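Sequential numbering from 978 applies to the sequence shown in the numbering used here.
Heads up, the beta-carbon is just placed ideally off N, CA and C, and yes, glycines get one too.
Quick caveat: nothing in here was measured; it's all calculated off a predicted structure.
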Amino acid sequence: MLFEFCMSIGGQISKTQIVRVHTELVHADVLVVYLSLVGLLSSLFRERIDPSVAIFLFEVIYSKHLSLVASASAVIRKEVVKYSDIVFRLGVPKVSSAVAKMAPFRLWTAFQIPLEKDGTFLFASFFPYAILLSIIAGFALLHKIYRHFFPEKNRQRSSVMSRERSSISEKTALDLKGNLTNFEISTGAELQTRFGIISDYNNYVYFKGMKFASVDGVYCSGYVIANGKMLVSVKHLLSVVMIKATRSRFANVYVYEVEGNTVKDTARLVYPETFTWSDLWYLNVTVLL
978 MLFEFCMSIG GQISKTQIVR VHTELVHADV LVVYLSLVGL LSSLFRERID
1028 PSVAIFLFEV IYSKHLSLVA SASAVIRKEV VKYSDIVFRL GVPKVSSAVA
1078 KMAPFRLWTA FQIPLEKDGT FLFASFFPYA ILLSIIAGFA LLHKIYRHFF
1128 PEKNRQRSSV MSRERSSISE KTALDLKGNL TNFEISTGAE LQTRFGIISD
1178 YNNYVYFKGM KFASVDGVYC SGYVIANGKM LVSVKHLLSV VMIKATRSRF
1228 ANVYVYEVEG NTVKDTARLV YPETFTWSDL WYLNVTVLL
């Protein structure tokens, strides 16, 4: 589908043929490939990339794709038109001189598209997206530089949001920042290594100098709290429901007990009686030590 899209662009620029494509399918295919590459850039730069920015820029470039390729440098246009014309001429059969003299008309018939695709043609056709990915990479690099010089600030607040000042200094909170929270140690979900196409958020919050995993950090790590008692992985919720419904532990599912804002170190297996139905109805997220 992506190759047909490139041929459609080439045909419109060279005005030699009309290649009809399903625009919505092409849009979905290009978006999937683009988001995969953006996710790869996020992993390479170890930075979170806001999905709203990434998708907004994609839609702008996609809507102007043809005009951007047509107005690109002569080298880009020449490469697109050249390959498009080569493929177009594959449908023109060779005839003898006698047949050519009989009628001035030429026949353009069905033909097989070459199995080996021209990489230069594909790159030239998707040239606007190469520029877009460069912009995304630039944003990620600038964000990394910004975080280096302006790291995440500690927030020192009371657990009940009162006005009383904490007895632990800001320096103590800074020392705590280098350590993992109990939530991270128990689950193995290190918040500072959570990258991808996700909105940026604070990994930690600080109350009275104590370091907590933020609500966003807990949820984006894939965990929720069932009725304030158990920390459960979102991907295991369906298994927990099935264990409860069938009253059979057909899979090993582990959860963590929560006391207040503290996650216990040891995981425990889920049995049919571990949760009540009301526990599974009240799912929430809060800051965790």
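| Item | Value |
| --- | --- |
| Between the alpha carbons of residue 1192 and residue 1262, how many angstroms are there, rounded? | 6 Å |
| Apply the 10 Å Cβ neighbour rule to residue 1142 and answer buried if 16 or more other Cβ atoms are within range, or exposed otherwise. | Unreliable placement is indicated for residue 1142, whose pLDDT of 41 sits below 50; the coordinate value is still reported in the next sentence. Residue 1142 should be labelled exposed. |
| Just the Cα atoms here: how many angstroms apart are residue 1137 and residue 1194? | Confidence at residue 1137 is low in this model, with a pLDDT of 39, below 50, so the placement of that residue is unreliable and no value is reported for it. |
| Can you round the beta-carbon distance between residue 1247 and residue 1230 to whole angstroms, since I take them to be within the 8 Å contact cut? | 4 Å |
| Helix, strand or coil, according to DSSP, for residue 1060 in the structure here? | helix |
| Compare the C-alpha of residue 1241 against each of 1254, 1104, 1212 and 1208 and name the closest. | 1208 |
| Using a Cβ-based criterion (distance less than 7 Å to any ligand heavy atom), does residue 993 qualify as near the ligand FMN? | The ligand FMN is not part of the structure shown, which contains no ligands of any sort. |
| Between residue 1177 and the rest of its own chain, which residues show a CB-CB distance below 7 Å, the 5 nearest in sequence each way excluded? | 1025 and 1027 |
| With distances taken Cα to Cα, identify the nearest neighbour of residue 1172 among 985, 982, 1019 and 984. | 1019 |
| In chain order, what residues of the same chain lie with their CB nearer than 7 Å to the CB of residue 1014, ignoring the 5 residues before and after it? | 1110 |
| Reducing DSSP to helix, strand and coil, say where residue 1022 ends up. | helix |
| Would DSSP call residue 980 helix, strand or coil? | helix |
| Alpha carbon to alpha carbon, how far is residue 1065 from residue 1098? Give it in angstroms, no decimals. | 14 Å |
| What is the DSSP secondary structure of residue 1188, counted as helix, strand or coil? | strand |
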